[in-house]
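Report on the structure given below.
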């Protein structure tokens with residue numbers, strides 16, 4: 003979905019919140035930075051920067067961290083999900099989803115009360131306006147669905163020409179194809195972004 007970006011100015015509030023939560027979960031699990039980095043397939047330096055609010059992680063990195071910690075991804079959004087039971091249901095009221103802000107996107111995790119979901123629904127505000135803001139197109143296992151709610155976006159991939167999506171348009175694509183989404187509106191665009199949760203059986 004996006005690439006990590008080091009914060010050269012003051013860290014964003016979402017980055018600070020994530021750093022505190024991540025450090026607490028790591029220490030509760032009795033893991034060193036090196037051990038969690040190995041479990042999450044991340045460089046120790048990357049993990050250290052995230053814990054010190056010096057780097058804004060991608061959503062894929064957040065999934066990898068949840069996998070390494072053995073927790074549901076919503077716990078990194080400062081939300082403790084309920085234990086899995088049959089007949090599950092979750093309702094998220096307007097503006098009440100768990101939020102996380104990164105350099106390019108502002109995520110609101112919907113229906114976080116349910117753990118071990120097969121799909122992850124995100125209300126996402128896209129602040130990036132150019133693909134050049136990303137170091138590289140992102141590739142990871144799974145599939146994604148995008149529905150544009152407000153504004154317009156351009157989906158950049160490594161196999162197709164850039165595709166413009168306006169309000170009401172949607173797209174479904176293979177996440178193994180390099181991809182990035184940017185807003186082509188004068189203001190940030192808002193989309194419903196649904197990702198399959200296939201990073202690890204621990205969280206999917």
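In this note's numbering, the protein residues as written are 3 to 206.
Glycine included, C-beta positions come from ideal geometry on N, C-alpha and C.
The structure presented is a predicted model; accordingly, all values stated were derived computationally and were not measured.
Quiz item: Around the C-beta of residue 59, are 16 or more other C-beta atoms found within 10 angstroms, so that it is buried, or is it exposed?
Solution: Buried: at least 16 other Cβ atoms inside 10 Å.
Quiz item: Going along the chain, which residues of its own chain have a beta-carbon closer than 7 Å to the beta-carbon of residue 46, five neighbours each way excluded?
Solution: Cβ within range, chain order: 35, 36, 39.
Exercise. Just confirm the distance between the C-beta atoms of residue 130 and residue 158, as a whole number of angstroms; I'd bet it's less than 8 Å.
Key: Rounded, the Cβ-Cβ distance is 10 Å, inconsistent with contact.
Practice problem: Can you check DSSP and say which residues form a bridge with residue 127? | Solution: Note: residue 127 sits in a beta bridge opposite 108, 192.
Exercise. Determine the direct distance from the alpha carbon of residue 66 to that of residue 214, and round the result to whole angstroms.
Key: Missing from the structure shown is residue 214; the chain here goes from 3 to 206 and no further.
Exercise. Within 10 angstroms of the Cβ of residue 127, are there 16 or more other Cβ atoms? Answer buried if so, exposed if not.
Key: By the neighbour-count definition (other C-beta atoms within 10 Å, threshold 16), residue 127 is a buried residue.
Practice problem: Have a look at residue 93 and residue 149 and give me their C-alpha separation to the nearest angstrom. | Solution: Distance between the alpha carbons of residue 93 and residue 149 is about 20 Å.
Practice problem: Reducing DSSP to helix, strand and coil, say where residue 73 ends up. | Solution: For residue 73, the secondary structure class from DSSP, reduced to helix, strand or coil, is coil.
Quiz item: Using the rule of at least 16 other Cβ atoms within 10 Å of the residue's Cβ for burial, across every protein chain shown, is residue 91 buried or exposed?
Solution: Under the 10 Å beta carbon count, residue 91 is surrounded by fewer than 16 other beta carbons and is classified as exposed.
Practice problem: May I ask you to report which of helix, strand or coil DSSP gives residue 174? | Solution: It is a strand residue.
Practice problem: With residue 39 as the anchor, note down where its alpha helix (DSSP H) starts and where it stops. | Solution: Going by DSSP, residue 39 is part of the alpha helix (DSSP H) stretching over 35–42.
Quiz item: Should the stretch 130–143 be called in touch with the stretch 174–193, which here means at least 3 C-beta pairs below 8 Å?
Solution: With a cut-off of 8 Å, the stretch 174–193 and the stretch 130–143 count as touching, because enough Cβ pairs lie within range.
Quiz item: Would you call the CB atoms of residue 111 and residue 76 closer than 7 Å?
Solution: In contact: residue 111 and residue 76 (Cβ atoms closer than 7 Å).
Quiz item: So, are the CB atoms of residue 2 and residue 100 less than 7 Å apart?
Solution: Because residue 2 is not part of the residues shown, which for the chain are 3 to 206, the question remains open.
Quiz item: Opposite residue 149 in the DSSP bridges: which residues?
Solution: Beta-bridge pairing by DSSP links residue 149 to 172, 194.
Quiz item: On the three-state DSSP scale, how would you describe residue 255?
Solution: Only positions 3 to 206 of the chain appear in the structure, and residue 255 is not among them; the question remains open.
Quiz item: Going by C-alpha distance, which of 61, 88, 89 is nearest residue 78?
Solution: Among 61, 88, 89, the Cα nearest to that of residue 78 belongs to 61.
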